[in-house]
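S.K.: Got a structure for you, written out below as structure tokens; questions coming shortly.
Residue numbers (our numbering): 152 to 520.
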């Protein structure tokens, strides 16, 4: 028998999101697919998508990038639990027995790989963490001021990984502290660098539960104060790209989504937190800062992703049987898309059923009759 052919629409969004608005406002980016061609038919369940996003003129911009990382208690949860819909909070013993890397582990790995991919000649990197307030200064900490010393950044990330996450999610304190450091305001530990473009990359596995304590649901007051901080960031010329990791964060993504919109950044929903390990390092703070590739129908990110500093991108994208629309979007550019048809090889087997065999007997008249 033949297999039914499902017609599932796959939307692959590739968002190039760095500091394009601030850096290249007078130069509209262009997006081009290199492969596959429009209307291509493939037999495999995955297609390699390649292309290029570039500007009409190069940029010699410099950058300050602050990694703003959630280290609240829920980041102790294994990635398998966070992506499978297991309820977080209460009964953690059963969850931790699932084993495997935690959300904090994948956040740290992603951050370290981002550092590995950055340009030390043009880009300073710093680290801010946030969880629950332990002092009048709020629940955020400068783990590493902005620096060209990438070894110091890696050491800070290693220290964070070695600690036990704890407390609620004081996201507003994290945003405020990132603004202070990026703009060298008041008691900032980072040296001023006014000519550099300012970027914040925020990773969280939840939603703001502070300063108005509410672990169970999203409190409108926490939403309001966090978005107020995002507006301050936007007015200060800071672009925020937000990464929501796992089901809890995606259950109430309004703050991540709006904070990115307000500041001219991009919101990235990451259903499987482990995928941040490949997504964050693809953030190149250059002509095209990041290309994210995902299946919007299933929430699955590309299985592999690589972005070059010149804007060339390459990703392996899972396909569903039927027509798949692959879309590349760069802020400020017209959307580019191709249609890829996945037609899996189908084996047709005919099985003989002896009980259904038809026996035909022809009677012939006897001689003389």
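Note that beta-carbon positions come from the ideal geometry of N, C-alpha and C, so glycine has one too. These numbers were taken from a predicted model, which means no experiment stands behind them.
Give me, in chain order, the residues of the same chain whose beta-carbon lies closer than 7 Å to that of residue 259; leave out the 5 immediate sequence neighbours on both sides.
M.R.: Once the five neighbours on either side are set aside, the close Cβ partners of residue 259 are 308, 311 and 312.
S.K.: When you compare only the Cα positions, how much space is there between residue 493 and residue 471?
M.R.: Roughly 7 Å between the two C-alpha positions.
S.K.: Excluding the 5 residues flanking residue 299 on each side, which residues of the same chain have their C-beta closer than 6 Å to its C-beta?
M.R.: Within the same chain, residue 299 has close Cβ partners 271 and 275.
S.K.: Assign residue 378 to one of two classes, buried (16 or more other C-beta atoms within 10 Å of its C-beta) or exposed (fewer than that).
M.R.: So residue 378 ends up on the buried side.
S.K.: Can residue 406 and residue 374 be called in contact, C-beta distance under 7 Å?
M.R.: Yes, Cβ-Cβ distance for residue 406 and residue 374 is below 7 Å.
S.K.: Considering only C-alpha positions, which residue in the set 431, 387, 362 and 384 is nearest to residue 376?
M.R.: Measuring from the Cα of residue 376, the nearest candidate turns out to be 362.
S.K.: Quick one, which of 282, 425, 395 and 366 has its alpha-carbon nearest residue 418's?
M.R.: Among 282, 425, 395 and 366, the Cα nearest to that of residue 418 is on 395.
S.K.: Can you tell me which residues form a DSSP beta bridge with residue 490?
M.R.: Partner(s): 476.
S.K.: Quick check: residue 329 and residue 279, are their CB atoms within less than 7 Å of each other?
M.R.: In contact: residue 329 and residue 279 (Cβ atoms closer than 7 Å).
S.K.: Considering Cα atoms alone, identify which of 347, 386 and 318 is closest to residue 414.
M.R.: Among 347, 386 and 318, the Cα nearest to that of residue 414 is on 386.
S.K.: Counting only runs that start and end within the stretch 262–286, where is the beta strand (DSSP E) found for 3 or more residues in a row?
M.R.: Complete beta strand (DSSP E) runs here, min 3: 274–281.
S.K.: Pop quiz: residue 218 and residue 262 are said to be a contact at Cβ under 8 Å. What is the actual Cβ separation, rounded to whole angstroms?
M.R.: With 8 Å as the limit, residue 218 and residue 262 qualify as a contact, their Cβ atoms being about 5 Å apart.
S.K.: Who are the near neighbours of residue 189 in its chain, counting only those whose CB is closer than 7 Å to its CB and skipping five residues on each side?
M.R.: Answer for residue 189: 489 and 490, listed in chain order.
S.K.: Relative to the C-alpha of residue 416, which residue among 391, 409, 431 and 425 is closest?
M.R.: Minimum Cα distance to residue 416 is reached at 391.
S.K.: Thinking C-alpha only, which one of 267, 225, 382 and 268 is nearest residue 523?
M.R.: Residue numbering for the chain in the displayed model covers 152 to 520; residue 523 lies beyond these limits and cannot be assessed.
S.K.: From residue 335 to residue 343, what does the alpha carbon distance come to, in whole angstroms?
M.R.: Cα-Cα distance, rounded: 5 Å.
S.K.: Could you give the C-beta distance for residue 197 and residue 454, rounded to a whole number, given that I count them as a contact under 8 Å?
M.R.: Right, their Cβ atoms sit about 7 Å apart.
S.K.: With DSSP run on the structure shown, which of helix, strand or coil describes residue 379?
M.R.: Three-state result, residue 379: helix.
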